[in-house]
Amino acid sequence: MTDDPILWFLARASGLVSLLALTVAVVLGIAAGARTTFLPRFVTQGLHRAAALTGVVLLLLHVVTVVVDPFVDVRWTDIVIPFRADYQPLWLGLGALAVDTFAIVVVTTLVRHRLGPQWWRWIHRGAYGGFALSMAHGVGAGTDAGEPIVAATTAVAAGVVVASVCLRMWHAAVAGRGRYDARLRRADVKA
Amino acid sequence: MSTRIVVDWTRCDAHGLCAELLPEVVELDDWGYPVLADGGRVADDLRVHALHAVSVCPQLALVLKK
Amino acid sequence: MTAQAHPDQRRLLRGISPAQPRLDHVAHLRAHGPIPSAIRAGQTDLLDHAEAVDLRGRGGAAFPLARKAKAVRAADGKALVVGNGSEGEPASRKDATLMLCAPHLVIDGLELAAVAVGAREARLVVGDDLARRSIAEAIAERERAQRPRVKITVVGVADRFVAGESSAVVRASSGQAPVPRFSLIRTAEGGVNGRPTLVSNVETLAQLAVLARAGVAGYRALGTHAEPGTGLMTVHRGAGAEVFEVPLGTPLTALLTRGALAGSVLVGGFHGTWLRPGTASRTVLSRAGLQEVGGTLGAGVIVALPASACPLVEAAPVVRMLAAASAGQCGPCVHGLRAISERVSALAEGVATAEDLRLLDRWATLVSGRGACGHPDGVVRFVSTLLASHPEEVAAHRNGPCGRRLLHLLPLGG
């Protein structure tokens, strides 16, 4: 078996680009939820889905190349079961948790019509967790994390997401949805 | 075969994507909620757009019915 | 709260008097007699009788009971019956009165309906506390005498307006929040927990119990040919509400004297129709009769305003209450009714513009039919007929307030 650096480059590159695509997906998801109008709403949502799909496909490429690459000893099961790898178990474990989270988010989105909007929305918020886990994994396990350009890109991505979340929360507090909250509650049913 | 688009009013939250994707059938009222033309009837050549609208609704508030 | 009618025209309220305001089981059997054995044994199909007399729902929608019940019977699954005694309409007292005074007739009807659709279980959703206690006591009384054929559960519910809507009642009967729900499946096929469910107003059930004993010919002895039978009406004509039982086809003038007909009359409650004095005096209390004057009988609520009252001033707080009574689930209802109530209040205060009237017209068509229940449609009917039957008052209010005080003649409920 030759020491093929191509796989190793592919593994690192796909990991990084996947993270960037997911950053774009998260920001667009926040924009869609905030009902921004700088683009037609179906476009914002469509771009969100496209970025998310890109991120997930690249993530699959990333985990496959990491396992296939003989340079590090990572098994197929280490992709989904965390903290059991021989190589950097903690940081890889976080990556596995990220994969698990995104898998749940993707599957529930595919069957969302069966779940109903409330359940689906709650589970979808897990994507934030998946994103944070991916970031941590990249910083801890990423062999390029020390490179200035990579570190800078990662920092900017994190910053953009945090800023978007803050903006969204501020916007929600200020706008005050004005939703008339006269819903009858269970308490209105006396046994 | 006549297809109709139906709104679950308890879920609809006036996001308005349906009106963007199916303007021939859906218009928005004074408060952003969908108004369906002709009882929500969807012509065969618009069916694919109606399916897209159903898929895209953030509140899963649309159903396509025979 | 009195209940009156011509003695031999009383069926639901038979045997009830100031001396005996409530019938216990013994008194009930004395007043009504036993249920014929052929019906009990299931040899005669009670639903065929119901079809023969075109028994309609008394909750407001007037849907044919036989059709609904036969659909439940034919559907797959364990059927159940839900009696609707929530009476969320603030101006209506007939259901509470019926359950308070003649609980055994309601329970008879519930059991008969259950047996007719093949259900072993029934639930009764009740809004009024006293009525609920009356029903619970009646059930306990029967259980002491013998094991019931049908298991009946009583559920209390807040008497909010929309809580009385059919799908809201289905939810309330399972302990869920009593708000209307969206479903592509009819309740008859998939109601409580997806089971075939017959939802029926308590007065309808009581009528069924009367029909079981009277038979088709006997039931047809009162009422009109197209609409046989009697109906309970809640009448507001000054001080408080009274519940009357009248044969269908009775003229409105039988319940309202000439004096009471001097002002405007509201028929059908807060989802109903406003009538001008002239129209009111030739209105007949039946579905056909109300249809003729552009209205609907609804749940049989009649409110007569004196000539001294201004209908716009009296109605404005009611429209505000109706907007607030929304379950809050559907956008067009929440926003539309609030906007409508603001304009109606402006009109009553004499500060409405031509634009306001144009918007009221626009919103009437915009709000109807775009919600999970009929509440916005009913409110639109109330407001549209209010404006249409009082054109002079509307024109006068465009020039300023009318100066008449709010007399609180339209009951807003407790």
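In order, the protein sequence lines correspond to chains A, B and C.
Counting along the first sequence from 1, when you hit position 75 you're at 72 in this note's numbering, and nothing is skipped either side.
When you read off a place in the second sequence, starting at 1, and then add 2, the result is the number in this note's numbering.
When you read off a place in the third sequence, starting at 1, and then add 11, the result is the number in this note's numbering.
Positions of the beta carbon are idealized from the N, C-alpha and C atoms, including for glycine.
With respect to chain A, the C-beta atom of H17/B has a partner C-beta closer than 8 Å. The beta carbon of A82/A sits closer than 6 Å to the beta carbons of V71, D75, L89 from its chain, once the five residues preceding and following it are set aside; these are given in chain order. Boundaries of the beta strand (DSSP E) harbouring V312/C: 312 to 315, taken from the DSSP string.
Our two residues, K105/C and V137/C, have alpha carbons roughly 13 Å apart in a direct line.
At a cut-off of 8 Å, the C-beta of R13/B has a neighbouring C-beta in chain A. For a cut-off of 8 Å, the C-beta gap from H17/B to R46/A is around 15 Å, too long to register as a contact. In the displayed model, A252/C falls within a strand according to three-state DSSP. When secondary structure is reduced to three states using DSSP, R46/A falls in the helix class. In chain order, L195 make up the part of chain C whose C-beta sits under 7 Å from the C-beta of K67/B.
C20/B is not a Cβ neighbour of Q61/B, given a cutoff of 8 Å. Within chain B, E22 have C-beta atoms less than 7 Å from the C-beta of P37/A, given in sequence order. In the three-state reduction of the DSSP assignment, H36/C falls in the helix class, which pools H, G and I.
Counting C-beta atoms within 10 angstroms of its own C-beta, W374/C has 16 or more neighbours from the protein chains shown and is therefore classed as buried. It is roughly 29 Å from the alpha-carbon of G260/C to the alpha-carbon of A127/C. Contact note: R109/A reaches chain B through L62, using a C-beta cutoff of 9 Å and chain order. Cβ-Cβ separation between S337/C and H282/C: approximately 13 Å, too far for a contact (criterion under 8 Å).
At a cut-off of 8 Å between beta carbons, V27/B makes no contact with chain A. Note: W285/C is bridge-paired with L277/C in the DSSP secondary-structure output. A contact between stretches requires three or more CB pairs, one per stretch, nearer than 8 Å, and the segment 237 to 244 of chain C meets this requirement with the segment 254 to 274 of chain C. For N212/C, same chain residues with a beta-carbon under 6 Å away, outside a window of 5 residues either side, are G68, R69, G70, N95 in chain order. A39/B counts as exposed, since fewer than 16 other beta carbons sit within 10 angstroms of its beta carbon. Contact annotation, E360/C with S297/C: C-beta distance approximately 38 Å; criterion of less than 8 Å not satisfied.
Taking the Cα of P191/C as reference, the smallest distance to any Cα among G411/C, Q340/C, V312/C is reached at Q340/C. Beta-carbon to beta-carbon, L111/C and L135/C are separated by about 13 Å, too far to satisfy the 8 Å threshold. DSSP places R331/C within a helical segment (H, G or I) once states are collapsed to three. Note that the segment 56 to 66 of chain A touches the segment 9 to 16 of chain A; at least 3 beta-carbon pairs, one per stretch, sit closer than 8 Å.
In this structure, DSSP gives P262/C an extended state, which the three-state scheme calls strand.
Counting along the chain, G135/A sits inside no beta strand (DSSP E); it lies in the alpha helix (DSSP H) bounded by residues 123 to 138.
Beta-bridge partners assigned by DSSP to G305/C: none are found. Distance check between R122/A and each of L7/A, I27/A, L36/A, A160/A places I27/A closest, using alpha-carbon atoms only. For V158/A, the closest alpha carbon among the candidates I3/A, L25/A, D141/A is that of L25/A. Just so you know, the alpha carbons of A326/C and E404/C end up roughly 13 Å apart. For D31/B, at least one C-beta of chain C is nearer than 8 Å to its own C-beta. Remark: C-beta atoms of G137/A and A95/A do not approach each other more closely than 8 Å. Using a 10 angstroms sphere on the CB of E154/C, the tally of other CB atoms stays under 16, which defines it as exposed.
At least 8 Å separates the beta-carbon of E122/C from that of D35/C.
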